[in-house]
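One structure is given here, and the rest of the page talks about it.
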Amino acid sequence: MPFTGHLEELRSCLIISFVVVAITFLISFGFVEAIFSFLTAPLRSVRAPGLTLIGTGVSEAFFTKLKVAFIASFFLSSPVLLWQAWRFVAPGLYEHEKRYARRFVLFGTLFFLLGAWFCYEVIFKVGYGFLLRRYQVIDVRPAIRIGEYLSFSSNLLLAFGVIFELPVLAFFLTRIGLIDHRFLIRQFRYAILLIFLVAAILTPPEILSQILLALPLTLLYGVSILVSYLAGTKDRE
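Mapped onto our numbering, the consecutive letters of the sequence shown carry residue numbers 118 to 354.
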């Protein structure tokens, strides 16, 4: 495919992605109250006396609605976004690579949503429960800014969605011959450093929040090593 053809394909993928995100955003905005209730349910389930969500600005309620709709639209449109990414890179792949790439789109979407679900059901409930109950020790009632809560929660949801892509990515890259399990083992110390760096960026400056993100990421890196080994076993046989 000539260079102009690649540009045209990129343009087409970007337009489709933008349209899908825009449509899902408009749909999500119509259900923003229900989505907001869903996103804040883990926080409201914590039995911390006096816990309340607050707004500290005139426009915070409006921008909170926009942020909630955008978060929902991103997750709803993620299968289409991954599919468009595959459409763009597919012409440069060999036939056997295309076969694995199709599976990558399918399982990549499933694992991304699985990671977000794990974050919502486990990390949110355990993490928020532990952090907010510390207020009882010092007899302080927690008042959480809604904008801060949504930013923190959406960062974690996105981070865990991406984190859960690691085993899928390891399988795909191993099958097309770009990496193997020995490469991942050699890079382990650098991966740990990167993991804690990412955790420090995505979470508040509290060691527990960073550990809550870093530990599952470290575990999934180990799972990725195992997946890479199993994916390479077929070639060795």
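Where a beta carbon is used, it is the ideal one built from N, C-alpha and C, also for glycine.
In the structure shown, the three-state DSSP call for L168 is coil.
Judged by their CB atoms, S190 and V149 are not nearer to each other than the 8 Å cut-off. Comparing alpha-carbon positions, the option among I280, G244, P284 and V222 lying closest to Y266 turns out to be G244.
C-alpha of I296 to C-alpha of K184: approximately 38 Å in a straight line.
Counting C-beta pairs closer than 8 Å gives three or more between the segment 232-252 and the segment 157-170, which meets the contact rule.
For R204, the enclosing alpha helix (DSSP H) starts and ends at E177 to V206. Sorting L223, R250, I144 and Y211 by C-alpha distance to the C-alpha of P196 places L223 at the top. Taking each of R303, A331 and F305 in turn and checking the Cα distance to A316, the smallest one comes out for A331. If you ignore the 5 residues before and after V285, its C-beta comes within less than 7 Å of the C-beta of F221, F224, G225 and F228, all in its own chain and listed in chain order. Here L193 is not near Y237, since their CB atoms are 8 Å or more apart. For the options R204, W234, L230 and L347, the alpha carbon positioned closest to that of T291 is the one of L347. Take the alpha-carbon of I188 and the one of S268: they are about 10 Å apart. C-alpha of R250 to C-alpha of G232: approximately 25 Å in a straight line. Judged by beta-carbon spacing, S145 lies beyond the 8 Å limit of Q201, meaning their Cβ atoms are not closer than that value.
When the alpha-carbon of A207 is set against those of E126, A260 and I140, the nearest one is in E126.
In the three-state DSSP reduction, R258 falls in the coil class, being neither helix nor strand. Taken through DSSP and simplified to helix, strand or coil, Q327 comes out as helix.
Here S341 carries a helix assignment [DSSP, helix/strand/coil]. In the DSSP assignment, Y266 falls within the unbroken alpha helix (DSSP H) covering I263 to I280. If you draw a 10 Å sphere on the C-beta of G278, you find 16 or more other C-beta atoms in it, and that means buried.
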